[in-house]
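Some notes on the structure that comes next.
In our numbering, the protein residues as written are 299 to 411.
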């Protein structure tokens, strides 16, 4: 599948969700709806749509031990960060950040993810 075809399929999925109660989503939700797409391809297209202002993106930092959410940040950290997980009590260095995308104007409805 070409990059343009993939982008069209992703945009169709976004249109199908935009008017629903869905406020935000992770790239994995899009990958399930677009068979054959890789994580990298989906993330690159979603990030390009965010750069165009069609989506908003935040970065979730989760504990690698217990997978609890440690922090959400508007900008992707550019380096490893040291954090303390209040859930499992571990002090961990984090270098994995997961993007979460939101439809503009729906960020306050995060419970719908």
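Note that beta-carbon positions come from the ideal geometry of N, C-alpha and C, so glycine has one too. No experiment lies behind these values; they were computed from the predicted model shown.
Compute the Euclidean distance between the alpha carbons of residue 316 and residue 336, then round it to the nearest angstrom.
So the two alpha carbons sit approximately 22 Å from each other.
Can you round the beta-carbon distance between residue 372 and residue 356 to whole angstroms, since I take them to be within the 8 Å contact cut?
6 Å
In three-state terms, what does DSSP make of residue 315?
Collapsing the DSSP output to three states places residue 315 in a helix.
What are the partner residues of residue 371, as DSSP defines its beta bridges?
357
Buried or exposed, going by whether 16 or more other CB atoms sit within 10 Å of the CB of residue 307?
buried
Per DSSP, residue 391 forms a beta bridge with which residues?
Beta-bridge partners of residue 391 (DSSP): 380.
Tell me where the alpha helix (DSSP H) around residue 404 begins and ends.
Taken as a continuous stretch (DSSP letters only), residue 404 belongs to no alpha helix (DSSP H), as it is neither H nor E.
Going by beta carbon distance, what residues of the same chain come within less than 6 Å of residue 382, once the five residues before and after it are set aside?
389
When burial is assigned at 16 or more other CB atoms within 10 Å of the CB, is residue 262 buried or exposed?
In this structure the chain extends from 299 to 411, so residue 262 is not present and cannot be described.
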